[in-house]
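Read through the structure below, which is laid out as structure tokens, and then see the notes.
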Amino acid sequence: MFSHVMLGTNDINRSKRFYDAVLKVLGAGEAVENTNKTGQRRLFYRHDGVAFSVSEPIDGKPATCGNGSTIGFKCASPEQLKRFHDVALANGGTSIEEPPGPRSGPAGVIHLAYVRDPDGNKLCALHRPKP
Numbered sequence: 018m019f020s021h022v023m024l025g026t027n028d029i030n031r032s033k034r035f036y037d038a039v040l041k042v043l044g045a046g047e048a049v050e051n052t053n054k055t056g057q058r059r060l061f062y063r064h065d066g067v068a069f070s071v072s073e074p075i076d077g078k079p080a081t082c083g084n085g086s087t088i089g090f091k092c093a094s095p096e097q098l099k100r101f102h103d104v105a106l107a108n109g110g111t112s113i114e115e116p117p118g119p120r121s122g123p124a125g126v127i128h129l130a131y132v133r134d135p136d137g138n139k140l141c142a143l144h145r146p147k148p
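Going from the sequence shown to our numbering is simple: count from 1 and add 17.
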């Protein structure tokens, strides 16, 4: 359904350090950096046919996080989810909501971890066990 997701940042170098480390846990390589024709720097992480991007805002205004917005990343195991969370914290992220782990819901048990990146964007690591 999605081809890519792009978030804004106020510090592209800080975002690169954070996302290089966090997305490596999921198997993505370092970002491909690009500067667009109006001078904004952007980072592109490609993995399994999709892209996650971070960009300096094109309108020149400060980047802000979306209240109620969450970007979810699929994890292969509860251990990978925990590594995602721990690497995020070690690289300037903030743990939010409940500690990483299993949650029961109408669809059964899933594993979740929530963090905010250094710009305040809400990220979710999710592992859904196979039935």
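A virtual CB, placed ideally from N, CA and C, is assigned to each residue, including glycine.
- Counting along the chain, alanine 105 sits inside the alpha helix (DSSP H) bounded by residues 95–107.
- In the DSSP assignment, no residue is bridged to arginine 34.
- Residue pairing from DSSP leaves arginine 145 without any beta-bridge partner.
- Lysine 54: not part of any beta strand (DSSP E); DSSP gives it neither H nor E.
- Check the Cα spacing between alanine 124 and each of Ser70, Lys147, Lys54: the tightest is with Lys147.
- When the beta-carbon positions are compared, cysteine 92 and alanine 142 come within less than 8 Å of each other.
- Note on geometry: alpha-carbon atoms of arginine 145 and phenylalanine 90 lie some 11 Å from one another.
- In the DSSP assignment, isoleucine 127 is bridged to Arg120.
- When only Cα atoms are considered, asparagine 53 and arginine 59 end up about 8 Å apart.
- Annotated three-state conformation of isoleucine 113 is strand, per DSSP.
- In this model, valine 104 and proline 135 are separated by some 13 Å (Cα to Cα).
- When DSSP states are grouped into helix, strand and coil, leucine 60 belongs to the strand group.
- Contact check for serine 72 against threonine 26 passes: the beta carbons are separated by less than 8 Å.
- Here the alpha carbon of glycine 46 sits roughly 33 Å from the alpha carbon of serine 121.
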